[in-house]
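Residue numbers (this note's numbering): 185 to 632. Down below is the structure, laid out as C-alpha coordinates.
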Amino acid sequence: MVIESLQKSFQRSLKKLSGQAKLRPAHIEEILGDLRDSLLEADVSLSVAERFLESVREKAIGEAVSDSLNPQQQFIYILQKEMRAVLGDSEPFALNFKPPVIVMMVGLQGAGKTTSAAKLGLWAKKKQKRQVLLVSVDVRRPAAIEQLEKLAAESKLDYIKPETMDPLERAREAVRYAETYGLDFVIVDTAGRLSIDEELMAELEQLKREIQPQHILYVADAMSGQQGLQVIEGFSSRVGLTGAIVTKADADSRGGIVFSIREALKVPLCFVGSGEKTGDFEVFHADRWVSRILGMGDLQTLIEKAEEAGSEAGAPGAESQERLAKRVMKGKMNLLDFQQQMKMMSKMGSLKGLMGMVPGMSQMAQQIDSEAIEKKLKRVDAMICSMTPTERERPDVINGSRKRRIAGGSGTSVEEMNQFLREFQQMQNMMKSMKGKKGMKGLGRLFG
(Lines of atoms letter the chains of each structure in order from A; the text may use other names.)
(Lines give C-alpha, C1' and ligand atoms only; values in the text may rest on other atoms or scores of the structure.)
Protein backbone atom coordinates (compact mmCIF):
# COMPACT_ATOMS: atom_id res chain seq x y z
CA MET A 185 0.00 0.00 0.00
CA VAL A 186 0.90 3.69 -0.34
CA ILE A 187 1.91 4.00 3.31
CA GLU A 188 3.86 0.72 3.56
CA SER A 189 7.28 2.07 2.55
CA LEU A 190 6.97 5.03 4.93
CA GLN A 191 5.62 2.74 7.63
CA LYS A 192 8.58 0.35 7.38
CA SER A 193 11.24 3.05 7.31
CA PHE A 194 9.68 5.13 10.09
CA GLN A 195 9.42 2.11 12.38
CA ARG A 196 12.99 1.06 11.55
CA SER A 197 14.26 4.54 12.43
CA LEU A 198 12.27 4.77 15.66
CA LYS A 199 13.77 1.48 16.89
CA LYS A 200 17.07 3.33 17.27
CA LEU A 201 15.56 5.18 20.23
CA SER A 202 14.66 1.97 22.08
CA GLY A 203 16.47 1.75 25.39
CA GLN A 204 17.72 5.36 25.27
CA ALA A 205 17.42 7.30 28.51
CA LYS A 206 17.17 10.71 26.89
CA LEU A 207 16.33 12.26 23.52
CA ARG A 208 19.72 13.74 22.53
CA PRO A 209 20.55 16.00 19.54
CA ALA A 210 22.81 13.33 18.04
CA HIS A 211 19.94 10.80 18.06
CA ILE A 212 17.57 13.37 16.57
CA GLU A 213 19.92 14.22 13.68
CA GLU A 214 20.54 10.55 12.88
CA ILE A 215 16.83 9.75 12.76
CA LEU A 216 16.00 12.90 10.78
CA GLY A 217 18.61 11.84 8.22
CA ASP A 218 16.91 8.44 7.93
CA LEU A 219 13.48 10.04 7.65
CA ARG A 220 14.69 12.43 4.95
CA ASP A 221 15.90 9.50 2.86
CA SER A 222 12.60 7.70 3.44
CA LEU A 223 10.48 10.69 2.44
CA LEU A 224 12.46 11.39 -0.73
CA GLU A 225 12.43 7.69 -1.63
CA ALA A 226 8.63 7.82 -1.27
CA ASP A 227 8.70 10.70 -3.79
CA VAL A 228 7.60 13.35 -1.31
CA SER A 229 8.31 16.82 -2.65
CA LEU A 230 11.78 18.00 -1.52
CA SER A 231 10.45 21.34 -0.25
CA VAL A 232 7.69 19.58 1.72
CA ALA A 233 10.15 17.07 3.20
CA GLU A 234 12.61 19.82 4.23
CA ARG A 235 9.92 21.96 5.90
CA PHE A 236 8.51 18.96 7.74
CA LEU A 237 11.91 17.77 9.03
CA GLU A 238 12.93 21.27 10.13
CA SER A 239 9.70 21.60 12.10
CA VAL A 240 10.29 18.20 13.74
CA ARG A 241 13.88 19.22 14.57
CA GLU A 242 12.75 22.46 16.25
CA LYS A 243 10.13 20.68 18.35
CA ALA A 244 12.38 17.76 19.29
CA ILE A 245 15.26 19.96 20.42
CA GLY A 246 13.46 22.95 21.86
CA GLU A 247 10.13 21.73 23.22
CA ALA A 248 9.51 19.83 26.44
CA VAL A 249 6.94 17.13 25.76
CA SER A 250 6.42 15.10 28.91
CA ASP A 251 8.73 13.57 31.49
CA SER A 252 6.42 10.56 31.67
CA LEU A 253 7.27 9.58 28.06
CA ASN A 254 10.44 7.75 27.07
CA PRO A 255 12.54 9.15 24.17
CA GLN A 256 10.85 6.96 21.58
CA GLN A 257 7.37 7.98 22.77
CA GLN A 258 8.40 11.65 22.82
CA PHE A 259 9.61 11.49 19.24
CA ILE A 260 6.48 9.66 18.08
CA TYR A 261 4.35 12.35 19.75
CA ILE A 262 6.23 15.08 17.85
CA LEU A 263 6.03 13.16 14.56
CA GLN A 264 2.28 12.68 14.98
CA LYS A 265 1.73 16.38 15.59
CA GLU A 266 3.88 17.58 12.68
CA MET A 267 2.60 14.99 10.21
CA ARG A 268 -0.98 16.02 10.96
CA ALA A 269 0.02 19.62 10.24
CA VAL A 270 1.48 18.59 6.86
CA LEU A 271 -1.48 16.41 5.86
CA GLY A 272 -3.95 19.05 7.00
CA ASP A 273 -6.91 18.96 9.34
CA SER A 274 -9.68 16.67 8.20
CA GLU A 275 -12.36 18.86 6.62
CA PRO A 276 -15.88 17.58 5.96
CA PHE A 277 -16.80 17.43 2.27
CA ALA A 278 -19.17 20.41 2.14
CA LEU A 279 -22.68 19.66 0.89
CA ASN A 280 -24.58 22.60 2.39
CA PHE A 281 -25.33 24.30 -0.93
CA LYS A 282 -28.57 24.93 -2.77
CA PRO A 283 -29.30 21.68 -4.63
CA PRO A 284 -28.26 20.23 -6.87
CA VAL A 285 -24.67 20.10 -5.62
CA ILE A 286 -22.50 19.75 -8.74
CA VAL A 287 -19.11 18.03 -8.68
CA MET A 288 -16.68 18.11 -11.61
CA MET A 289 -14.17 15.25 -11.70
CA VAL A 290 -10.94 16.24 -13.49
CA GLY A 291 -7.58 14.59 -14.07
CA LEU A 292 -5.39 12.67 -16.47
CA GLN A 293 -6.46 9.56 -18.34
CA GLY A 294 -5.82 6.30 -16.48
CA ALA A 295 -5.84 7.77 -12.95
CA GLY A 296 -9.16 6.12 -12.06
CA LYS A 297 -11.36 9.18 -12.57
CA THR A 298 -14.41 7.33 -13.90
CA THR A 299 -14.26 4.66 -11.19
CA SER A 300 -13.86 7.38 -8.56
CA ALA A 301 -16.94 9.19 -9.93
CA ALA A 302 -19.03 6.08 -9.29
CA LYS A 303 -17.46 5.51 -5.86
CA LEU A 304 -18.10 9.12 -4.87
CA GLY A 305 -21.70 8.74 -6.03
CA LEU A 306 -22.15 5.62 -3.94
CA TRP A 307 -20.61 7.38 -0.91
CA ALA A 308 -23.01 10.32 -1.35
CA LYS A 309 -25.97 7.96 -1.67
CA LYS A 310 -25.12 5.69 1.28
CA LYS A 311 -23.44 8.06 3.71
CA GLN A 312 -25.14 11.36 2.88
CA LYS A 313 -28.54 10.04 1.71
CA ARG A 314 -28.27 12.00 -1.54
CA GLN A 315 -30.14 11.40 -4.79
CA VAL A 316 -27.20 11.05 -7.17
CA LEU A 317 -26.98 11.58 -10.93
CA LEU A 318 -23.91 10.61 -12.98
CA VAL A 319 -23.04 11.95 -16.43
CA SER A 320 -19.97 11.56 -18.65
CA VAL A 321 -18.82 14.39 -20.90
CA ASP A 322 -15.76 12.48 -22.13
CA VAL A 323 -17.04 12.34 -25.72
CA ARG A 324 -13.65 11.46 -27.19
CA ARG A 325 -13.64 8.10 -25.41
CA PRO A 326 -16.91 6.19 -25.90
CA ALA A 327 -15.49 3.45 -23.66
CA ALA A 328 -15.43 5.92 -20.75
CA ILE A 329 -19.13 6.72 -21.29
CA GLU A 330 -19.98 3.01 -21.35
CA GLN A 331 -17.82 2.34 -18.27
CA LEU A 332 -19.60 4.99 -16.21
CA GLU A 333 -22.99 3.69 -17.34
CA LYS A 334 -22.02 0.17 -16.23
CA LEU A 335 -20.67 1.35 -12.87
CA ALA A 336 -23.82 3.41 -12.26
CA ALA A 337 -25.99 0.35 -12.92
CA GLU A 338 -23.89 -1.82 -10.58
CA SER A 339 -24.17 0.78 -7.80
CA LYS A 340 -27.87 1.49 -8.49
CA LEU A 341 -27.17 5.16 -9.23
CA ASP A 342 -29.11 7.33 -11.70
CA TYR A 343 -27.28 7.90 -14.96
CA ILE A 344 -28.10 10.12 -17.91
CA LYS A 345 -26.85 9.47 -21.43
CA PRO A 346 -27.68 12.51 -23.60
CA GLU A 347 -27.92 12.02 -27.36
CA THR A 348 -25.68 15.01 -28.08
CA MET A 349 -21.91 14.55 -28.19
CA ASP A 350 -21.24 18.15 -27.23
CA PRO A 351 -19.62 18.17 -23.73
CA LEU A 352 -21.22 21.47 -22.66
CA GLU A 353 -24.70 20.44 -23.76
CA ARG A 354 -24.34 17.02 -22.06
CA ALA A 355 -23.48 18.77 -18.79
CA ARG A 356 -26.34 21.27 -19.17
CA GLU A 357 -28.80 18.47 -19.86
CA ALA A 358 -27.67 16.59 -16.73
CA VAL A 359 -28.18 19.65 -14.52
CA ARG A 360 -31.62 20.33 -16.04
CA TYR A 361 -32.58 16.68 -15.50
CA ALA A 362 -31.48 16.84 -11.85
CA GLU A 363 -33.48 20.03 -11.25
CA THR A 364 -36.57 18.58 -12.93
CA TYR A 365 -36.58 15.26 -11.08
CA GLY A 366 -35.31 16.41 -7.68
CA LEU A 367 -31.85 14.83 -7.79
CA ASP A 368 -29.56 16.77 -5.48
CA PHE A 369 -26.03 15.54 -6.27
CA VAL A 370 -24.66 15.65 -9.84
CA ILE A 371 -21.26 14.18 -10.71
CA VAL A 372 -19.77 15.22 -14.06
CA ASP A 373 -16.99 12.93 -15.30
CA THR A 374 -14.88 15.12 -17.60
CA ALA A 375 -12.48 14.17 -20.38
CA GLY A 376 -9.01 12.96 -19.48
CA ARG A 377 -5.75 13.24 -21.44
CA LEU A 378 -2.38 11.53 -21.28
CA SER A 379 -0.95 14.97 -20.48
CA ILE A 380 -2.17 18.53 -20.00
CA ASP A 381 -3.03 20.35 -23.23
CA GLU A 382 -4.64 23.68 -24.06
CA GLU A 383 -7.73 22.10 -25.64
CA LEU A 384 -8.49 20.12 -22.46
CA MET A 385 -8.03 23.13 -20.20
CA ALA A 386 -10.19 25.37 -22.38
CA GLU A 387 -12.97 22.76 -22.31
CA LEU A 388 -12.79 22.50 -18.50
CA GLU A 389 -12.89 26.29 -18.15
CA GLN A 390 -16.01 26.41 -20.35
CA LEU A 391 -17.67 23.65 -18.32
CA LYS A 392 -16.91 25.46 -15.09
CA ARG A 393 -18.44 28.72 -16.38
CA GLU A 394 -21.48 26.91 -17.72
CA ILE A 395 -22.51 24.64 -14.83
CA GLN A 396 -20.83 26.50 -11.92
CA PRO A 397 -19.86 23.43 -9.85
CA GLN A 398 -19.52 23.70 -6.08
CA HIS A 399 -16.65 21.19 -6.16
CA ILE A 400 -13.88 20.51 -8.67
CA LEU A 401 -12.02 17.39 -7.57
CA TYR A 402 -8.71 16.36 -9.07
CA VAL A 403 -8.23 12.57 -9.25
CA ALA A 404 -4.56 11.73 -8.63
CA ASP A 405 -2.88 8.38 -9.15
CA ALA A 406 -0.92 7.46 -6.00
CA MET A 407 1.95 6.34 -8.24
CA SER A 408 2.32 9.71 -9.97
CA GLY A 409 4.88 11.13 -7.51
CA GLN A 410 6.35 14.64 -7.80
CA GLN A 411 5.45 14.82 -11.48
CA GLY A 412 1.83 14.46 -10.37
CA LEU A 413 2.18 17.61 -8.25
CA GLN A 414 3.15 19.65 -11.31
CA VAL A 415 0.08 18.35 -13.15
CA ILE A 416 -2.22 19.20 -10.22
CA GLU A 417 -0.70 22.68 -10.11
CA GLY A 418 -1.52 23.09 -13.82
CA PHE A 419 -5.15 22.11 -13.28
CA SER A 420 -5.43 24.25 -10.14
CA SER A 421 -4.13 27.40 -11.84
CA ARG A 422 -6.64 27.07 -14.70
CA VAL A 423 -9.85 25.77 -13.12
CA GLY A 424 -9.36 26.27 -9.35
CA LEU A 425 -9.47 22.90 -7.60
CA THR A 426 -11.46 22.53 -4.38
CA GLY A 427 -10.02 19.14 -3.41
CA ALA A 428 -8.37 15.91 -4.49
CA ILE A 429 -8.98 12.17 -4.52
CA VAL A 430 -5.98 9.84 -4.44
CA THR A 431 -6.54 6.49 -6.18
CA LYS A 432 -4.69 3.15 -6.24
CA ALA A 433 -3.55 3.58 -2.65
CA ASP A 434 -3.42 -0.23 -2.43
CA ALA A 435 -0.76 -0.42 -5.15
CA ASP A 436 2.92 -0.97 -4.44
CA SER A 437 3.63 2.71 -4.90
CA ARG A 438 5.79 5.26 -3.15
CA GLY A 439 2.78 7.45 -2.46
CA GLY A 440 4.58 10.69 -1.75
CA ILE A 441 1.75 12.57 -3.41
CA VAL A 442 -0.49 11.84 -0.39
CA PHE A 443 2.07 13.56 1.81
CA SER A 444 2.59 16.49 -0.55
CA ILE A 445 -0.81 17.58 -1.92
CA ARG A 446 -1.98 19.71 1.00
CA GLU A 447 1.36 21.16 2.02
CA ALA A 448 2.67 21.99 -1.46
CA LEU A 449 -0.52 23.05 -3.22
CA LYS A 450 -2.91 23.95 -0.38
CA VAL A 451 -5.51 21.63 -1.92
CA PRO A 452 -7.31 19.44 0.65
CA LEU A 453 -7.20 15.68 0.16
CA CYS A 454 -10.85 14.63 0.47
CA PHE A 455 -11.01 10.91 -0.34
CA VAL A 456 -8.73 7.91 -0.84
CA GLY A 457 -9.49 4.96 -3.11
CA SER A 458 -7.56 1.75 -2.55
CA GLY A 459 -9.06 -0.95 -4.75
CA GLU A 460 -11.88 -2.04 -7.02
CA LYS A 461 -14.32 -2.86 -4.20
CA THR A 462 -16.83 -0.22 -3.16
CA GLY A 463 -15.59 -0.62 0.43
CA ASP A 464 -12.13 0.52 -0.67
CA PHE A 465 -13.08 4.21 -0.77
CA GLU A 466 -12.90 6.32 2.33
CA VAL A 467 -13.00 9.89 3.55
CA PHE A 468 -9.44 11.04 4.20
CA HIS A 469 -8.75 11.54 7.92
CA ALA A 470 -5.27 12.95 8.50
CA ASP A 471 -5.02 11.75 12.11
CA ARG A 472 -5.97 8.18 11.14
CA TRP A 473 -3.44 8.06 8.31
CA VAL A 474 -0.70 9.33 10.60
CA SER A 475 -1.61 6.59 13.06
CA ARG A 476 -1.29 3.97 10.30
CA ILE A 477 2.05 5.33 9.05
CA LEU A 478 3.45 5.12 12.59
CA GLY A 479 2.22 1.51 12.88
CA MET A 480 -0.41 2.34 15.49
CA GLY A 481 -3.38 1.05 13.48
CA ASP A 482 -6.76 2.66 12.85
CA LEU A 483 -9.47 0.88 14.80
CA GLN A 484 -11.98 3.71 14.29
CA THR A 485 -12.05 3.23 10.50
CA LEU A 486 -12.07 -0.56 10.90
CA ILE A 487 -15.13 -0.44 13.19
CA GLU A 488 -16.89 2.02 10.85
CA LYS A 489 -16.29 -0.34 7.92
CA ALA A 490 -17.65 -3.28 9.95
CA GLU A 491 -20.76 -1.35 10.96
CA GLU A 492 -21.35 -0.21 7.37
CA ALA A 493 -20.92 -3.74 5.97
CA GLY A 494 -23.21 -5.15 8.66
CA SER A 495 -25.97 -2.63 7.92
CA GLU A 496 -26.14 -3.26 4.17
CA ALA A 497 -29.07 -5.00 2.54
CA GLY A 498 -29.18 -8.69 3.31
CA ALA A 499 -27.34 -8.34 6.61
CA PRO A 500 -29.11 -9.43 9.79
CA GLY A 501 -30.84 -6.90 12.02
CA ALA A 502 -29.17 -5.39 15.09
CA GLU A 503 -30.58 -8.02 17.46
CA SER A 504 -29.52 -10.89 15.17
CA GLN A 505 -26.04 -9.37 14.88
CA GLU A 506 -25.78 -9.14 18.66
CA ARG A 507 -26.77 -12.79 19.04
CA LEU A 508 -24.27 -13.75 16.36
CA ALA A 509 -21.50 -11.80 18.09
CA LYS A 510 -22.22 -13.66 21.33
CA ARG A 511 -22.09 -17.03 19.54
CA VAL A 512 -18.79 -16.11 17.90
CA MET A 513 -17.26 -15.06 21.21
CA LYS A 514 -18.45 -18.29 22.88
CA GLY A 515 -17.06 -20.47 20.10
CA LYS A 516 -20.57 -21.63 19.12
CA MET A 517 -20.59 -20.25 15.59
CA ASN A 518 -21.91 -22.60 12.88
CA LEU A 519 -20.89 -22.65 9.21
CA LEU A 520 -23.79 -20.43 8.14
CA ASP A 521 -22.59 -17.82 10.67
CA PHE A 522 -19.05 -18.19 9.33
CA GLN A 523 -20.23 -17.70 5.74
CA GLN A 524 -22.15 -14.58 6.76
CA GLN A 525 -19.04 -13.16 8.41
CA MET A 526 -16.93 -13.90 5.33
CA LYS A 527 -19.36 -11.94 3.18
CA MET A 528 -19.37 -9.02 5.60
CA MET A 529 -15.55 -8.93 5.72
CA SER A 530 -15.44 -9.02 1.90
CA LYS A 531 -17.56 -5.85 1.78
CA MET A 532 -15.13 -4.11 4.13
CA GLY A 533 -12.21 -4.21 1.68
CA SER A 534 -8.96 -6.11 1.18
CA LEU A 535 -7.67 -8.33 3.98
CA LYS A 536 -4.24 -6.70 3.92
CA GLY A 537 -5.80 -3.25 4.28
CA LEU A 538 -8.00 -4.36 7.17
CA MET A 539 -5.10 -6.00 9.03
CA GLY A 540 -3.08 -2.80 8.65
CA MET A 541 -5.77 -1.01 10.67
CA VAL A 542 -5.33 -3.30 13.69
CA PRO A 543 -2.77 -1.89 16.18
CA GLY A 544 0.39 -3.99 16.20
CA MET A 545 -0.48 -5.94 13.03
CA SER A 546 0.90 -3.58 10.36
CA GLN A 547 4.11 -5.57 9.88
CA MET A 548 2.22 -8.87 9.65
CA ALA A 549 -0.16 -7.31 7.13
CA GLN A 550 2.78 -6.47 4.85
CA GLN A 551 3.83 -10.13 4.77
CA ILE A 552 0.54 -11.84 3.95
CA ASP A 553 -0.59 -12.84 0.47
CA SER A 554 -4.13 -11.46 0.65
CA GLU A 555 -4.88 -12.55 -2.93
CA ALA A 556 -4.17 -16.21 -2.10
CA ILE A 557 -6.25 -15.99 1.08
CA GLU A 558 -9.21 -14.44 -0.76
CA LYS A 559 -9.06 -17.21 -3.38
CA LYS A 560 -9.12 -19.79 -0.60
CA LEU A 561 -12.12 -18.11 1.04
CA LYS A 562 -14.02 -18.26 -2.26
CA ARG A 563 -13.46 -22.04 -2.34
CA VAL A 564 -14.62 -22.29 1.28
CA ASP A 565 -17.76 -20.34 0.34
CA ALA A 566 -18.41 -22.83 -2.48
CA MET A 567 -18.09 -25.72 0.02
CA ILE A 568 -20.59 -24.17 2.43
CA CYS A 569 -23.03 -23.44 -0.43
CA SER A 570 -22.89 -27.14 -1.37
CA MET A 571 -23.91 -28.26 2.14
CA THR A 572 -27.41 -29.04 3.41
CA PRO A 573 -28.96 -26.77 6.08
CA THR A 574 -28.27 -29.50 8.67
CA GLU A 575 -24.59 -29.71 7.68
CA ARG A 576 -24.19 -25.96 7.96
CA GLU A 577 -25.87 -25.96 11.37
CA ARG A 578 -24.01 -29.03 12.68
CA PRO A 579 -20.68 -29.58 10.88
CA ASP A 580 -19.96 -32.54 13.19
CA VAL A 581 -22.40 -34.68 11.11
CA ILE A 582 -20.24 -34.31 7.99
CA ASN A 583 -18.82 -37.82 7.50
CA GLY A 584 -16.78 -39.30 4.65
CA SER A 585 -19.63 -39.75 2.16
CA ARG A 586 -20.97 -36.25 2.86
CA LYS A 587 -17.48 -34.80 2.33
CA ARG A 588 -17.22 -36.52 -1.07
CA ARG A 589 -20.63 -35.15 -2.08
CA ILE A 590 -19.81 -31.60 -0.92
CA ALA A 591 -16.39 -31.65 -2.60
CA GLY A 592 -17.95 -32.84 -5.87
CA GLY A 593 -20.66 -30.19 -5.75
CA SER A 594 -18.26 -27.33 -4.95
CA GLY A 595 -15.43 -28.25 -7.33
CA THR A 596 -13.03 -28.80 -4.43
CA SER A 597 -11.36 -31.88 -2.93
CA VAL A 598 -11.96 -33.99 0.18
CA GLU A 599 -8.49 -32.92 1.39
CA GLU A 600 -9.55 -29.26 1.20
CA MET A 601 -12.76 -30.12 3.06
CA ASN A 602 -10.80 -31.84 5.84
CA GLN A 603 -8.38 -28.91 6.14
CA PHE A 604 -11.19 -26.35 6.30
CA LEU A 605 -13.16 -28.29 8.95
CA ARG A 606 -9.99 -28.69 11.06
CA GLU A 607 -9.24 -24.97 10.83
CA PHE A 608 -12.85 -24.10 11.65
CA GLN A 609 -12.72 -26.30 14.77
CA GLN A 610 -9.39 -24.74 15.81
CA MET A 611 -10.95 -21.28 15.46
CA GLN A 612 -13.90 -22.36 17.62
CA ASN A 613 -11.52 -23.69 20.28
CA MET A 614 -9.47 -20.48 20.22
CA MET A 615 -12.59 -18.35 20.71
CA LYS A 616 -13.66 -20.52 23.65
CA SER A 617 -10.23 -20.20 25.28
CA MET A 618 -10.29 -16.39 24.87
CA LYS A 619 -13.83 -16.04 26.25
CA GLY A 620 -14.04 -13.35 28.92
CA LYS A 621 -10.52 -12.06 28.38
CA LYS A 622 -9.87 -8.34 28.29
CA GLY A 623 -10.31 -6.84 24.83
CA MET A 624 -12.73 -9.45 23.52
CA LYS A 625 -15.70 -7.11 23.92
CA GLY A 626 -14.08 -4.64 21.54
CA LEU A 627 -13.26 -7.42 19.09
CA GLY A 628 -16.86 -8.56 19.24
CA ARG A 629 -17.97 -5.29 17.67
CA LEU A 630 -16.30 -6.44 14.45
CA PHE A 631 -18.50 -9.54 14.32
CA GLY A 632 -21.80 -7.77 14.56
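For every residue, glycine included, the Cβ atom is placed at its ideal position computed from N, Cα and C. Bear in mind that the values here come from a model prediction, so they are computed numbers and not experimental data.
As assigned by DSSP and simplified to three states, the class of residue i
i	result
V598	helix
I400	strand
V451	coil
M611	helix
E421	According to the sequence displayed, residue 421 carries Ser and not Glu. S421 falls in the helix class under three-state DSSP.
E357	helix
I445	helix
D434	coil
F369	strand
I329	helix
G427	strand
Buried/exposed call for residue i, threshold 16 Cβ in 10 Å
i	result
K303	buried
Q524	buried
F281	exposed
R606	exposed
T364	exposed
S300	buried
G294	exposed
D521	buried
M349	exposed
R446	buried
G291	buried
V359	buried
L341	buried
M614	exposed
S379	exposed
Residue i, enclosing alpha helix (DSSP H) - first and last residue
i	result
F236	230-246
G459	Premise fails: G459 is in no alpha helix (DSSP H) and is neither H nor E.
D221	209-225
E394	382-395
V270	255-271
V474	470-477
Any non-hydrogen atom of the ligand HEM within 6 Å of residue i CB
i	result
Q258	Although the ligand HEM was asked about, the structure shown includes no ligands whatsoever.
Between the CA atoms of residue j and residue i - distance to the nearest angstrom
i	j	result
K265	L190	16 Å
R422	E389	7 Å
D464	G457	6 Å
G272	W473	11 Å
D218	S193	8 Å
A328	R314	24 Å
M480	Y261	12 Å
R324	R377	10 Å
F236	M267	8 Å
R578	M517	10 Å
S434	L413	A small fix is needed here, since residue 434 is Asp in this sequence, not Ser. Cα-Cα distance, rounded: 20 Å.
L391	H211	54 Å
H399	T426	6 Å
Extent of the continuous beta strand (DSSP E) run through residue i
i	result
S320	316-320
I286	285-290
Would you call the segment 445-455 and the segment 286-298 touching, i.e. three or more CB-CB distances under 8 Å?
no
With three or more C-beta pairs closer than 8 Å as the rule, is the segment 556-576 touching the segment 594-613?
yes
Are the segment 331-339 and the segment 377-395 in contact at 8 Å, needing three or more beta carbon pairs?
Below 8 Å, too few C-beta pairs join the segment 331-339 and the segment 377-395 to call them touching: fewer than three.
Three or more beta-carbon pairs under 8 Å between the segment 341-359 and the segment 404-411, yes or no?
no
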